[in-house]
Amino acid sequence: MLRILPLKQSAFCLVRSASYRQLCHRTFTHSAPCLKKPFDFNKRSTSTNAKHVIELLTTKKDVHWVQRNLKTKLRKFSSNPNILRKSKNLGIPAKLFKQISEKFVNEATLGNIPRITATQLFSSFTENDDHHSIDKALESAFFIFAEPFIPKDKVEKFHSLRSISDIRFPSEWFPDARQMKRQIILHVGPTNSGKTYQALKRLENAESGIYCGPLRLLAHEIFEKMNENGVACNLLTGEERREVAPFAPLTSSTVEMASLNRTMDVAVIDEIQMIADPDRGWAWTQALLGLKAKEIHLCGEASAVPLVKKICETLDEEVIVNEYQRLTPFTINPQTLNNDLSKIQKGDCVVAFSRREIFEYKEKIERQTGLRCAVAYGALPPETRALQAKAFNDPESGFDVLVASDAVGMGLNLNIRRIVFSTVQKYDGSDFTYISIPQLKQIAGRAGRFNTAYDKGEVTTLKERDLFYVNQAVAAPTIPLEMAGLQPTVDILELFALQLPKEKFSGLLQKFEDLASLNGDYFLCNFRDQKMIADRLEHIKLPLKDRYQFVTAPVSIRTDSSMEMIESLAEKFSKSETCTLNDVIQLPSVAPKSATQLAELESSHKNIMLYMWLSLRYPDVFTTTQDFSNTIKTRCEVMIDDVLKSTSFEKTKKKGTSMQVQRHRKKQLQKKELKQH
């Protein structure tokens, strides 16, 4: 069954079996259309499908719409598994829940529950509210209604869990920042508009300040730039701390490591739209709410402006918005490459969305054109991506083409003449989805760069069927973000754990997710990875604070070696057994010869970074010095870069891999569904 859910204004989302909660957790890449097959974006069918969907979703909501939805939800309330699970977590057993919920439904149907009538709900609706707002109102009203019916021996626990998981007012977590009169300055615009440059100039001239970036690569870049310009600047990332002077006026850090204890003149928070990222958004929210700076400069996309204004209004803080335009134009070429890779030219960046496809395109382009290709993708160490970007930018290097994933959209300075989308669909772990409009715009914006040979950029597609979506996405209006991410502090989780002493740690995280109360400006960031790591470490004895530290470590949960590494290091920590980097990492003496061996080297780099992350927090156990760890890390990065520059990995021929089988099945399903349409 196709479920259609309204998002902000004319934005729309077509998904199969997707909950509103899942959609909310797609906010960064997702605060825009995310279209799944079988809707095929080609010249014949796409415009018709898109027009039909927009017509469906722009239907005006009125009190009758609210009444219909309220009636439906009340009818199903007593069998709602989410409410039942949350009630159980609060100490209300299933039998008692059934009795209380039936009474609640009867009273709500008669209009006897405060704030739960169609008229009252509609009067509090904003233009962004939908049926999910009714769910939240019903849930809140139910737990207030349920309290008098709960047995006395369970009431205290009920109160405690409800109180501890109430995170509706996160600004109160930072009382020192609330004592200041801060000025918030937004610098917003598309890629290549100079927005970050202006904020950094202000930081450079400040008496004290901090840069908060999304990537350690960017933190390194600002650290080096400031020191080259004669301004003393320290570095602080999750894996590394460098002090050029004990009392340096500036610090360049990753956003998660931003110091909230130091009072300063200027703070710069880069890529502010990531405040809505489902996994990391909490770090941007924490920086925005908690930094003790007189001026806070936020750089990023215009989509973040309404949300930042809304949050700052509750803080009674002034917001100034500076808008920037692209310094170099780019155009969409109506002539695609018609799937002919021999048309790839010097200065092109071919965008693909899987590691396998990137190496396939690299091999084919080099064979068909004679042009050598640099590569950039998410699994590569950021430092290696930077080396590959440097080779691509250097006209004398011999690397004239870049084949890259969406990693090209952030953190790399690239001289690109033309962006060529090999596809506009990406596998999200369960299905192939159209990449979001903000993501596509960010990638397309890499075409052309100010003060380079390519002052005018061009965008096109490899296949003609994808051009329509690119045109529509680039022309689409900015879709405002609606919610900022939150994550409970370790102190909150400690209090929560005291109420559930027998609960395993992944269960604590799940229960907190279920019970958390938030206001409409915030959502709870994803605990998926942390819960998987927690289950892996459950058998190891660790104090709660240390367990929380380990489950939030930078672990690739999809990589066996990474999960084995965190388990091994946690065991050593629990036994107070010292561990050096050489104890757990052995780099190969011979360069990789295959894509599989290269992937193993990439995994080794992730494990080096994990060790460095833990050694910064527990130097008495993980004893290898930062300088020696950096030497091993750099050796690994250079080895990966050398392999990429000297080798083309051809497609590995396997009979019926699971991915190939899945793709074949999806194609067959599409053909069948398109015939039915």
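Position 560 (the sequence shown) corresponds to 565 in this note's numbering; numbering is contiguous. Each residue gets a CB set at the ideal place from its N, CA and C atoms; glycine is no exception. Just so you know, these numbers come straight off a predicted model, no measurement behind them.
Go ahead and label residue i buried or exposed: buried means 16 or more other beta carbons lie within 10 angstroms of its beta carbon, across all protein chains shown.
{"i": "F82", "result": "buried"}
{"i": "K3", "result": "This structure cannot speak to residue 3, because the chain is shown only from 6 to 682."}
{"i": "I325", "result": "exposed"}
{"i": "A272", "result": "buried"}
{"i": "F150", "result": "buried"}
{"i": "V160", "result": "exposed"}
{"i": "P11", "result": "Because P11 carries a pLDDT of 34, less than 50, the predicted location of this residue cannot be relied on, and the following value inherits that uncertainty. With 16 or more other Cβ atoms within 10 Å, it is buried."}
{"i": "K461", "result": "exposed"}
{"i": "K91", "result": "buried"}
{"i": "R390", "result": "buried"}
{"i": "P493", "result": "buried"}
{"i": "R422", "result": "buried"}
{"i": "H225", "result": "buried"}
{"i": "T336", "result": "exposed"}
{"i": "A250", "result": "exposed"}
Residues bridged to residue i by DSSP?
{"i": "K431", "result": "T438"}
{"i": "G450", "result": "Paired residues: none, contrary to the question."}
{"i": "R423", "result": "D353, E463"}
{"i": "A381", "result": "A409"}
{"i": "F163", "result": "Answer is none; F163 lacks a bridge partner."}
{"i": "K103", "result": "None, per the DSSP bridge assignment."}
{"i": "D171", "result": "S522"}
{"i": "Q188", "result": "E300, E323"}
{"i": "C238", "result": "L255"}
{"i": "A489", "result": "Y527"}
Looking at the structure shown, is residue i part of a helix, part of a strand, or coil, going by DSSP?
{"i": "A250", "result": "coil"}
{"i": "M269", "result": "strand"}
{"i": "V626", "result": "coil"}
{"i": "G688", "result": "Any property of residue 688 remains undetermined from this structure, which presents the chain solely from 6 to 682."}
{"i": "E328", "result": "strand"}
{"i": "I97", "result": "coil"}
{"i": "D321", "result": "coil"}
{"i": "A458", "result": "coil"}
{"i": "E300", "result": "strand"}
{"i": "L205", "result": "helix"}
{"i": "Q27", "result": "Confidence at Q27 is low in this model, with a pLDDT of 35, below 50, so the placement of that residue should be treated as unreliable; the coordinate-derived value is given next. Residue state, collapsed to three classes: helix."}
{"i": "G414", "result": "helix"}
{"i": "D565", "result": "helix"}
{"i": "F683", "result": "Because the chain in this structure spans residues 6 to 682, residue 683 falls outside the shown range and cannot be described."}
{"i": "E605", "result": "helix"}
{"i": "N85", "result": "coil"}
{"i": "I274", "result": "strand"}
{"i": "L376", "result": "coil"}
{"i": "T336", "result": "strand"}
{"i": "V193", "result": "strand"}
{"i": "F228", "result": "helix"}
{"i": "G305", "result": "strand"}
{"i": "F404", "result": "strand"}
Do residue i and residue j have their C-beta atoms closer together than 7 Å?
{"i": "N531", "j": "P283", "result": "yes"}
{"i": "V408", "j": "V380", "result": "yes"}
{"i": "T259", "j": "R285", "result": "no"}
{"i": "E323", "j": "Q188", "result": "yes"}
{"i": "P98", "j": "G450", "result": "no"}
{"i": "P328", "j": "V193", "result": "For the sequence presented, residue 328 should be read as Glu rather than Pro. Contact: yes."}
{"i": "A309", "j": "I274", "result": "no"}
{"i": "G199", "j": "L332", "result": "yes"}
{"i": "F517", "j": "F501", "result": "yes"}
{"i": "V253", "j": "A263", "result": "A quick correction: the sequence has Ala, not Val, at residue 253. No, they are not a contact pair."}
{"i": "G116", "j": "T122", "result": "yes"}
{"i": "E209", "j": "T341", "result": "no"}
If distances are taken between C-alpha atoms only, which option among the options comes closest to residue i?
{"i": "T629", "options": "P386, I155, L586, L75", "result": "L586"}
{"i": "D418", "options": "I448, A281, I172", "result": "The displayed chain sequence assigns Asn, not Asp, to residue 418. With distances taken between Cα atoms, N418 lies closest to I448."}
{"i": "Q535", "options": "N94, V556, E245", "result": "V556"}
{"i": "P5", "options": "G116, S198, F102", "result": "The question about residue 5 has no answer, for the chain in this structure spans 6 to 682."}
{"i": "E5", "options": "G453, V68, E212, K367", "result": "The requested residue 5 does not occur in the structure, where the chain is confined to residues 6 to 682."}
{"i": "D689", "options": "R183, T77, F163, H164", "result": "Given a span of 6 to 682 for the chain in the structure shown, any question on residue 689 remains unanswerable."}
{"i": "G243", "options": "P219, D433, T336", "result": "P219"}
{"i": "L486", "options": "P493, T122, E306", "result": "E306"}
{"i": "K684", "options": "L649, N74, T268", "result": "Residue 684 is absent from the model: the chain starts at 6 and stops at 682."}
{"i": "V71", "options": "E112, R120, L542", "result": "R120"}
{"i": "L498", "options": "Q444, A489, S511", "result": "S511"}
{"i": "L296", "options": "N234, K351, I215, T341", "result": "I215"}
{"i": "I280", "options": "L293, M269, D270", "result": "L293"}
{"i": "V406", "options": "T319, P386, E388, K369", "result": "K369"}
Is any heavy atom of the ligand NAD found at a distance shorter than 6 Å from the C-beta of residue i?
{"i": "Q447", "result": "The ligand NAD is not among the ligands present in this structure, which contains no ligands whatsoever."}
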